[in-house]
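Notes follow the structure.
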Amino acid sequence: TYGHLAGDRALQFVAEHLRTSLRETDFIARYGGEEFAMVLYNILPVDAIAVTDRVRQTLSELPIQFDGQTFRITMSFGIATLHPDDDIDREELLNRADKALYRAKSAGRNCCHFYHRRLRCTATPS
Numbered sequence: 007t008y009g010h011l012a013g014d015r016a017l018q019f020v021a022e023h024l025r026t027s028l029r030e031t032d033f034i035a036r037y038g039g040e041e042f043a044m045v046l047y048n049i050l051p052v053d054a055i056a057v058t059d060r061v062r063q064t065l066s067e068l069p070i071q072f073d074g075q076t077f078r079i080t081m082s083f084g085i086a087t088l089h090p091d092d093d094i095d096r097e098e099l100l101n102r103a104d105k106a107l108y109r110a111k112s113a114g115r116n117c118c119h120f121y122h123r124r125l126r127c128t129a130t131p132s
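See below:
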């Protein structure tokens with residue numbers, strides 16, 4: 007809508023928001039295009055949902071200024087967790103998070119979806 011330079015500014019804004027919203031022990035990376043990956047270490051699933059929902063909510067309320075215009079953006083999150091008894095590799099963990107992300111996007115965006123390992127499906131946190 008606002009052009010490539012505004013998109014670049016939005017990506018920088020998101021990266022900074024993620025960096026300042028998480029713990030120093032967590033890891034953030036741009037995964038591709040407009041997607042980011044967050045690795046939250048030693049966190050319970052319920053807490054991961056709370057963190058991502060807080061980040062999502064606060065980001066949607068922050069205005070982005072670019073070239074005399076103000077706009078807002080939203081984020082969708084796909085959450086997957088790794089348990090000690092899981093027999094999956096990193097790629098499968100990312101695949102599960104990706105499935106949950108696409109579920110969030112198809113649900114109307116600006117939400118968080120969790121990949122539930124027992125049900126092998128996604129569920130919206132309440």
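The working numbering numbers the first residue of the sequence shown as 7 and each following residue consecutively. C-beta: ideal position from N, C-alpha, C; glycine also. Keep in mind it's a predicted model, so treat the numbers as computed, not measured.
Select from the options the residue whose C-alpha is nearest the C-alpha of residue i.
{"i": "R29", "options": "G9, T80, Y47 and I79", "result": "Y47"}
{"i": "A54", "options": "P69, E67, S27 and G74", "result": "S27"}
{"i": "Y8", "options": "D73, D104, G39 and A113", "result": "D73"}
{"i": "V2", "options": "R15, F33, K111 and F83", "result": "Residue 2 falls outside the range modelled here, since the chain spans only 7 to 132, and no answer is possible."}
{"i": "A86", "options": "E98, Q63 and E40", "result": "E98"}
{"i": "A16", "options": "L50, R60, T31 and S66", "result": "S66"}
{"i": "T64", "options": "P51, R78, Q71 and L100", "result": "R78"}
Tell me the rounded alpha-carbon separation between residue i and residue j.
{"i": "A56", "j": "H119", "result": "11 Å"}
{"i": "L88", "j": "R115", "result": "24 Å"}
Under the assumption that residue i contacts residue j (Cβ atoms under 8 Å), give the Cβ distance between them as a whole number of angstroms.
{"i": "Y121", "j": "R96", "result": "No, Y121 and R96 are not in contact; Cβ-Cβ is about 14 Å, not under 8 Å."}
For the beta strand (DSSP E) containing residue i, name the first residue and the last one.
{"i": "A43", "result": "E41 to V45"}
{"i": "G13", "result": "Run containing G13: none in the beta strand (DSSP E); it sits in the alpha helix (DSSP H), H10 to S27."}
What is the residue span of the alpha helix (DSSP H) that residue i lies within?
{"i": "G84", "result": "Per DSSP, G84 belongs to no alpha helix (DSSP H); it is in the beta strand (DSSP E), F83 to I85."}
Bridge partners for residue i per DSSP, in chain order?
{"i": "A6", "result": "Within the shown structure, residues of the chain are numbered from 7 to 132, placing residue 6 beyond reach of any answer."}
{"i": "Q75", "result": "F72"}
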